[in-house]
Amino acid sequence: MNINKGKEWWMGALHFQMELANIAKCLLLGVVILWIQIHGNKGCFEEERLALLDFKAFVGSNGFDADHLLPSWIDDPTSNCCKWERVMCNSTTGHVIELSLNNTR
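Going by our numbering, the sequence shown opens with residue 47, and the numbers climb by one from there.
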């Protein structure tokens, strides 16, 4: 009988440790999600920055003064396109979600 009680105690302790590990994982995931929500993404994606520059070149190729219309859109890898005029990014993901191109003439 003592063997069964020892086995039960051991299984209970093991179950408790597994539950504790699961709680720790959930807490860590929660902290990571909260950190991302608070700090957000600090820049735009390179593919999107290059696509915006291609769009600026397209505007210029159609006879518009693209440098006057979109002066903050510069070809610099360190430039954060989410800070460019007329560009809105999602604060969490950093993806471009909107271009404000009204009143550009």
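Ideal Cβ placement from N, Cα and C applies to all residues, glycine included.
In this text, all values refer to a predicted model and were calculated from it rather than measured experimentally.
For L147, no alpha helix (DSSP H) segment is defined, and its DSSP state is neither H nor E. A contact is defined here as three or more CB-CB pairs under 8 Å, and the segment 51-68 fails this definition with respect to the segment 93-111. Straight-line spacing of the CA atoms in S137 and W56 works out to 48 Å. DSSP, read as helix, strand or coil, puts C135 in strand. About 50 Å separates the beta carbons of G89 and G58, which is beyond the 8 Å limit, so they are not a contact pair. Between V133 and S146, the C-beta gap is smaller than 9 Å, which places the two residues in contact.
Check the Cα spacing between P123 and each of L99, A67, I79, G76: the tightest is with L99.
When the Cα atoms are used, A67 and I79 turn out to be separated by approximately 18 Å.
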